[in-house]
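End of the sequence shown = 605 in UniProt numbering, gap-free, step of one.
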Amino acid sequence: MDTGITPQSESFRDDGFSPPPKKWKGTCDHYANFTGCNNKLIGARYFKLDGFPDPNDILSPVDVDGHGTHTSSTLAGNVVPDANLFGLAKGAARGAVPYARVAMYKVCWASSGCSDMDILAAFDAAIHDGVDVISISIGGMTGDYVSDAIGIGAFHALKTGIITVASAGNDGPSFGSLSNHAPWLLTVAASGIDREFRSEVELGNGKTVSGIGVNTFEAKQKLYPLVSGVDVAKNSESKEMARFCLQESIDPNKVKGKLVYCKLQEWGTDAVVKGNGGIGVIIESGQFLDAAQIYMTPGTMVNETVGDVISNYIHSTRSPSAVIYRSQEVKIAAPFVASFSSRGPNPVTEHLLKPDIAAPGIDILASYTPLKSLTGLKGDTLYSKFTILSGTSMACPHVAGAAAYIKSFHPNWTAAAIKSAILTTAKQMSRRMNNEAEFAYGAGQVNPARAISPGLVYDMDEMSYIQFLCHEGYNGSSLSVLIGSKSINCSSLLPGLGYDAINYPTMQLSVRNKKEPTVGVFRRSVTNVGPSVSIYNATIKAPKGVNITVKPTTLSFTRTLQKKSFKVVVEANPMSRAIILSGSLVWKSSRYAVRSPIVIYKAAE
Numbered sequence: 001m002d003t004g005i006t007p008q009s010e011s012f013r014d015d016g017f018s019p020p021p022k023k024w025k026g027t028c029d030h031y032a033n034f035t036g037c038n039n040k041l042i043g044a045r046y047f048k049l050d051g052f053p054d055p056n057d058i059l060s061p062v063d064v065d066g067h068g069t070h071t072s073s074t075l076a077g078n079v080v081p082d083a084n085l086f087g088l089a090k091g092a093a094r095g096a097v098p099y100a101r102v103a104m105y106k107v108c109w110a111s112s113g114c115s116d117m118d119i120l121a122a123f124d125a126a127i128h129d130g131v132d133v134i135s136i137s138i139g140g141m142t143g144d145y146v147s148d149a150i151g152i153g154a155f156h157a158l159k160t161g162i163i164t165v166a167s168a169g170n171d172g173p174s175f176g177s178l179s180n181h182a183p184w185l186l187t188v189a190a191s192g193i194d195r196e197f198r199s200e201v202e203l204g205n206g207k208t209v210s211g212i213g214v215n216t217f218e219a220k221q222k223l224y225p226l227v228s229g230v231d232v233a234k235n236s237e238s239k240e241m242a243r244f245c246l247q248e249s250i251d252p253n254k255v256k257g258k259l260v261y262c263k264l265q266e267w268g269t270d271a272v273v274k275g276n277g278g279i280g281v282i283i284e285s286g287q288f289l290d291a292a293q294i295y296m297t298p299g300t301m302v303n304e305t306v307g308d309v310i311s312n313y314i315h316s317t318r319s320p321s322a323v324i325y326r327s328q329e330v331k332i333a334a335p336f337v338a339s340f341s342s343r344g345p346n347p348v349t350e351h352l353l354k355p356d357i358a359a360p361g362i363d364i365l366a367s368y369t370p371l372k373s374l375t376g377l378k379g380d381t382l383y384s385k386f387t388i389l390s391g392t393s394m395a396c397p398h399v400a401g402a403a404a405y406i407k408s409f410h411p412n413w414t415a416a417a418i419k420s421a422i423l424t425t426a427k428q429m430s431r432r433m434n435n436e437a438e439f440a441y442g443a444g445q446v447n448p449a450r451a452i453s454p455g456l457v458y459d460m461d462e463m464s465y466i467q468f469l470c471h472e473g474y475n476g477s478s479l480s481v482l483i484g485s486k487s488i489n490c491s492s493l494l495p496g497l498g499y500d501a502i503n504y505p506t507m508q509l510s511v512r513n514k515k516e517p518t519v520g521v522f523r524r525s526v527t528n529v530g531p532s533v534s535i536y537n538a539t540i541k542a543p544k545g546v547n548i549t550v551k552p553t554t555l556s557f558t559r560t561l562q563k564k565s566f567k568v569v570v571e572a573n574p575m576s577r578a579i580i581l582s583g584s585l586v587w588k589s590s591r592y593a594v595r596s597p598i599v600i601y602k603a604a605e
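This is how it looks when you write it as structure tokens:
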């Protein structure tokens, strides 16, 4: 579910694909600017239930934004050799599951965004059509679990065995900034890959500094005149705005033919500078320095330290000058969590760790639309079949692809079993590189090759989630929107067991009292999906000040799909300040290691 799709993209050609499976009930009509479907792109619909056309969009599944084309090709795009963005990131592009089929449900519009009624209508359609996995890179749930369209739609999908994978949001690194944090969603944070796009800036004094960004322009002369935005203001009143090179703040006569150094306040500085006759832009920012922005003129982004060097140079010489060189690819250490990726703790419940998992979401090359320039800014003349985007939107389809991969091996697994396989086999990430630990990356970096054979899974049905919600204080009438017309009487249900009342693959304990220890008893069951005869032993890692015990310490299985229960007791000493502590439980056999993170935290007061 996204902004639509580009059917003519090479990522969605159907060479070698057989007709859609018989269970498929979806449709794909011909619309304006839409060339129709094939055996790869088997469904395409749009939802605009308010009846008002979007002035900047087309009433069609066609993608005028590029976001939907990018995410769907990341998930299931064909292998496309020699993909690149003007020579950058060159190589074979492919989706996570290139032999999967795609159905696009367009719910987001260029001017009017994504409405709840369109999202819910799309969920109903996708469930009816017979999809296996839903990928939704849309910022959603921030409030409770019974009033959010994505959460409600995903619960209805869950009841028919469909897993919904959603982005965690791009409001990091603030704590508690997550969206899409319902327990039945698989919530994805964005991590970095081992490639960065850097542009060198040579100053007139011979000093070279470095910036982040995608600058596809070759310099046409050795040096250009360099000015600071604050020094080229239209007048004294606009001087503060000119510092950020905002619209209507700089004097075209002072900018023409020059590079302009600006501080970041809002995106689109390159369009403002170019619109005033400038040749390019150097932007200073204290954040967003891990994801490359694409510039419609020569441009790059530098940190505050480099910004000071540039500013001091400008104001210490009579005729400052500089040149921005074309971007180059640089190898860096990875993975790490993106600065923009939304962080936990879960803003609605202290009992559930979110995000669930991290996946690549920085500088991802994937297919794009021909109907929008690379930046979408006024005056941009750059178009490409592929582009580089960053966001938890880009991370989400990687994990949706992993879910589809698992489902291809295990078509009868529940959504909870698939999620469990992804979480318990994740690659651990470094706390040293990510201060917010599991609140940044959940169980760790997705590892699809291991996830198809996890050994044990933490399984659940829809009633398990209802028990969790009853435990959280929701009443039967409020839950009716999730389960349908009938009301649930929470008091008549068997109560969910333990501290969190849910059989989740991760555990989270909130420390409350400064004087007394906090104790959480977590009750879990695991299902054997490995060899019929298997023995697993518990390995506990407990951080300082926390005692963790598990009973029993050995689980013996004699058949496949056999279930075994255990309890984990977490006792945390009083804490005087806000802190995140990381522990774990790993069930180990001769072949498998089934890892569950255990997070103990004290929130800031």
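All residues carry an ideal CB built from backbone N, CA and C; glycine is no exception.
Is the beta carbon of residue i less than 8 Å from the beta carbon of residue j?
i: I388; j: I294; result: yes
i: G444; j: D356; result: no
i: T506; j: V457; result: no
i: A259; j: L289; result: Here the sequence assigns Leu to residue 259, which means Ala is not the residue at that position. No.
i: S342; j: D171; result: yes
i: A572; j: P517; result: yes
i: I600; j: V570; result: yes
i: S576; j: R559; result: no
i: S179; j: G229; result: no
i: F468; j: P345; result: no
i: A149; j: I119; result: yes
i: I310; j: V232; result: no
i: L377; j: A271; result: yes
Could you check where the alpha helix (DSSP H) with residue i kicks off and where it finishes?
i: M241; result: K239 to A242
i: residue 615; result: Nothing can be reported for residue 615, as the shown portion of the chain is limited to 1 through 605.
i: V399; result: T392 to F409
i: K90; result: Not the alpha helix (DSSP H): K90 falls in the beta strand (DSSP E), residues L88 to A93.
i: N253; result: P252 to V255
i: A96; result: Counting along the chain, A96 falls outside any alpha helix (DSSP H), and DSSP gives it neither H nor E.
i: P448; result: P448 to A451
i: S420; result: A415 to T424
i: T549; result: Run containing T549: none in the alpha helix (DSSP H); it sits in the beta strand (DSSP E), V546 to K551.
i: L75; result: H67 to A76
i: F439; result: E438 to Y441
Helix or strand or just coil, what does DSSP make of residue i?
i: L120; result: helix
i: F17; result: coil
i: Y313; result: helix
i: C245; result: coil
i: D231; result: helix
i: I362; result: coil
i: E516; result: coil
i: G307; result: helix
i: G467; result: For the record, residue 467 in the displayed sequence is Gln; it is not Gly. Three-state DSSP puts Q467 in a helix.
i: E350; result: coil
i: T387; result: strand
From which residue to which residue does the beta strand (DSSP E) around residue i run?
i: V102; result: V102 to K106
i: L555; result: T554 to F557
i: N276; result: Premise fails: N276 is in no beta strand (DSSP E) and is neither H nor E.
i: Y474; result: Careful: Y474 lies outside any beta strand (DSSP E) and carries neither H nor E.
i: N537; result: S534 to K541
i: E329; result: Q328 to K331
i: T164; result: I163 to S167
i: A604; result: Careful: A604 lies outside any beta strand (DSSP E) and carries neither H nor E.
i: D82; result: V80 to L85
Which residues does DSSP pair with residue i in a beta bridge?
i: V209; result: V201
i: K563; result: T527
i: G299; result: V281
i: M507; result: I598
i: E462; result: The partner list for E462 (beta bridge, DSSP) is empty, contrary to what the question assumes.
i: G43; result: A103
i: W587; result: A538 and V594
i: P225; result: S321
At a cut-off of 7 Å, is residue i close to the ligand FMN when judged by its beta-carbon and the heavy atoms of the ligand?
i: P183; result: Within the structure as shown, the ligand FMN is missing, as the structure has no ligands at all.
>> Using 8 Å as the cut-off, can you tell me whether the segment 150-160 makes contact with the segment 456-470, which would need three or more C-beta pairs spanning the two stretches below that distance?
In response: yes
> Using 8 Å as the threshold, is the segment 366-383 in touch with the segment 196-209, meaning 3 or more CB pairs across them?
Replying inline: no
> How do the segment 59-78 and the segment 324-338 stand: do at least 3 beta-carbon pairs fall below 8 Å, yes or no?
Replying inline: no
> Okay, do the segment 487-502 and the segment 534-549 touch, 3+ Cβ pairs below 8 Å being the bar?
Replying inline: no
> Is there contact here, the segment 384-402 with the segment 423-435, by at least three beta-carbon pairs under 8 Å?
Replying inline: no
>> Is it the case that the segment 213-221 contacts the segment 238-255, given that we only count it when at least three CB pairs across the two stretches are under 8 Å?
In response: no
> When the Cβ atoms of the segment 84-100 are set against those of the segment 397-417, are three or more pairs found closer than 8 Å?
Replying inline: yes
>> Across the segment 107-122 and the segment 402-422, are there enough close Cβ pairs to call them in contact, namely three or more that are closer than 8 Å?
In response: no
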